[in-house]
Amino acid sequence: MLRFLPVIVEIALLVFCLIDCIQSDSDRVRNLSKGWWLVLIVVLPLAGGIAWLVAGRPQTPRAQVPWRSTETAGFPEYERPRRYGEDAAAEERRRAEERRSDELHEQMLREWEAQIRAREQATERDRPDA
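Take a look at the structure:
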């Protein structure tokens, strides 16, 4: 088992460095382009992997959060996604607003239909019979 340890370490290093290189941003990779680093890691697994970790890997970690940022001025406790049904009062307010909006749209449609009917009747009255 001990004789397989160097092979396992080399394969683990190869896989880790390949995945890390592929997931790195192209504009943050150091010293060579991303494609050349991939070739170097595959062709020279041990030396390429070590070279990637020492000289090619971006120095600063990616600054990402697992959710999209909102306009909360940097207060992450307000940016976290909420669980479904967490705020029943807010859900009821949203539904009431939707109902009010639907009623307003229905009223506007009724008014437009009345205006169109009035225009059609006015055109029929003004049209000479042929």
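Per the UniProt record's numbering, the very first residue in the sequence shown carries number 1; after that it's consecutive. Idealized CB from N, CA, C, for every residue including glycine.
Start and end residues, alpha helix (DSSP H) containing residue i
| i | result |
| --- | --- |
| Arg-3 | Unbroken run through Arg-3: none, as it is neither H nor E. |
| Ser-101 | 88 to 126 |
| Leu-40 | 34 to 43 |
Straight-line Cα distance separating residue j from residue i
| i | j | result |
| --- | --- | --- |
| Ala-118 | Glu-106 | 18 Å |
| Arg-93 | Ser-26 | 46 Å |
| Ala-90 | Gly-56 | 49 Å |
| Ala-96 | Glu-103 | 11 Å |
| Ile-8 | Ala-88 | 54 Å |
| Gln-121 | Glu-98 | 35 Å |
| Trp-37 | Arg-100 | 59 Å |
| Arg-3 | Ala-12 | 15 Å |
| Val-39 | Val-29 | 14 Å |
| Gly-35 | Pro-6 | 27 Å |
| Leu-109 | Gln-115 | 10 Å |
| Ile-22 | Met-1 | 31 Å |
Closest Cα partner of residue i within the set the options
| i | options | result |
| --- | --- | --- |
| Leu-32 | Val-54, Leu-14, Leu-13 and Asp-126 | Val-54 |
| Glu-10 | Trp-36, Glu-124, Trp-37 and Ile-50 | Ile-50 |
| Asp-20 | Arg-127, Leu-109, Gly-48 and Glu-111 | Gly-48 |
| Leu-44 | Pro-128, Leu-5, Val-15 and Met-1 | Val-15 |
| Leu-18 | Val-29, Trp-112, Arg-28 and Val-42 | Val-42 |
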